[in-house]
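Numbering (the numbering used here), first residue to last: 280 to 452. Ideal placement from N, C-alpha and C gives every residue a C-beta, glycine not left out. Quick notes on the structure that follows.
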């Protein structure tokens with residue numbers, strides 16, 4: 280039996296990759312750390328649980344970014360899970376400009392990392408291992424502590440936009 284399938288040896292372009300992956304909805308987090316110069320953080324939608332025993336999580340971050348290499352070197356971070364109404368946090372931490380913590384009422388967690396206000400959950404971690412994968416690092420964090428803080432709906436990232444599940448083009452129908 281002959282196959283009608285043809286082998287394609289052309290890798291997708293970055294634009295094609297971004298477009299195809301935009302069809303996968305994900306939650307939105309802000310990864311924070313505390314350096315000698317003060318708090319640092321960045322918006323991240325590639326976050327997942329890896330293991331329950333031991334408790335491990337992962338996220339992916341551009342290894343050329345400004346915040347992630349510093350947080351990696353510090354060795355501790357907090358994953359702040361955003362609520363559906365925290366678009367301001369997405370804008371604040373998704374931008375490469377400005378002082379992200381200016382005017383923000385954050386607190387220092389028991390693990391020495393910035394804890395953002397009014398989030399759904401906080402996952403406090405130390406860097407377990409980091410794997411280079413293309414232009415990103417896959418960071419594995421060992422969970423030191425957890426805070427489940429709210430019952431609201433999460434912020435989502437879908438088709439290149441941050442927003443509510445309903446306004447990001449996702450509906451329950």
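Any chance the region 377-391 sits against the region 334-342, with 3 or more Cβ pairs inside 8 Å?
Contact between the region 377-391 and the region 334-342 is absent, because fewer than three Cβ pairs lie under 8 Å.
In terms of residue numbering, what span does the alpha helix (DSSP H) encompassing residue 312 cover?
Reading the chain shown from its first residue, position 33 is the one you call residue 312. Taken as a continuous stretch (DSSP letters only), residue 312 belongs to no alpha helix (DSSP H), being part of the beta strand (DSSP E) at 308-314.
Boundaries of the alpha helix (DSSP H) in which residue 295 is found, first to last residue
Taking the first residue of the chain shown as 1, we reach residue 295 at position 16. Note, residue 295: alpha helix (DSSP H), 293-300.
Look up residue 364 in the DSSP assignment and say whether it is helix, strand or coil.
Here residue 364 refers to the residue found at position 85 of the chain shown. If DSSP states are grouped into helix, strand and coil, residue 364 belongs with coil.
Starting from residue 424, follow its DSSP beta bridges and name the residues at the other end.
To locate residue 424, count along the chain shown from 1; it is residue 145. Note: residue 424 sits in a beta bridge opposite 403.
Just the Cα atoms here: how many angstroms apart are residue 316 and residue 349?
Position 37 of the chain shown, counted from the start, is the residue given in the question as residue 316. Position 70 of the chain shown, counted from the start, is the residue given in the question as residue 349. So the alpha carbons of these two residues sit roughly 11 Å apart.
Per the DSSP calculation, residue 469 is bridged to which residue(s)?
Here the chain has residues from 280 to 452 only, and residue 469 is not among them.
Between residue 372 and residue 321, is the Cβ-Cβ spacing less than 7 Å?
For this step, residue 372 is matched to residue 93 along the chain shown. For this step, residue 321 is matched to residue 42 along the chain shown. Going by beta carbons, residue 372 and residue 321 fall inside the 7 Å limit.
Quick check on this structure: which residue in 413, 355, 328, 324 has the alpha carbon closest to the alpha carbon of residue 311?
As a working note, residue 311 is residue 32 in the chain shown. Relative to residue 311, the option among 413, 355, 328, 324 whose CA is nearest is 355.
Determine the direct distance from the alpha carbon of residue 346 to that of residue 314, and round the result to whole angstroms.
Within the chain shown, numbered from 1, the residue matching residue 314 stands at position 35. Within the chain shown, numbered from 1, the residue matching residue 346 stands at position 67. Straight-line Cα distance between these residues: approximately 10 Å.
Residue 373 - DSSP class collapsed to helix/strand/coil
Indexing the chain shown from 1 puts residue 373 at position 94. DSSP places residue 373 in the helix class (H, G or I) of the three-state scheme.
What residues match up with residue 355 in a beta bridge as DSSP calls it?
If you number the chain shown from 1, residue 355 lands on position 76. Looking at the DSSP output, residue 355 bridges to 405.
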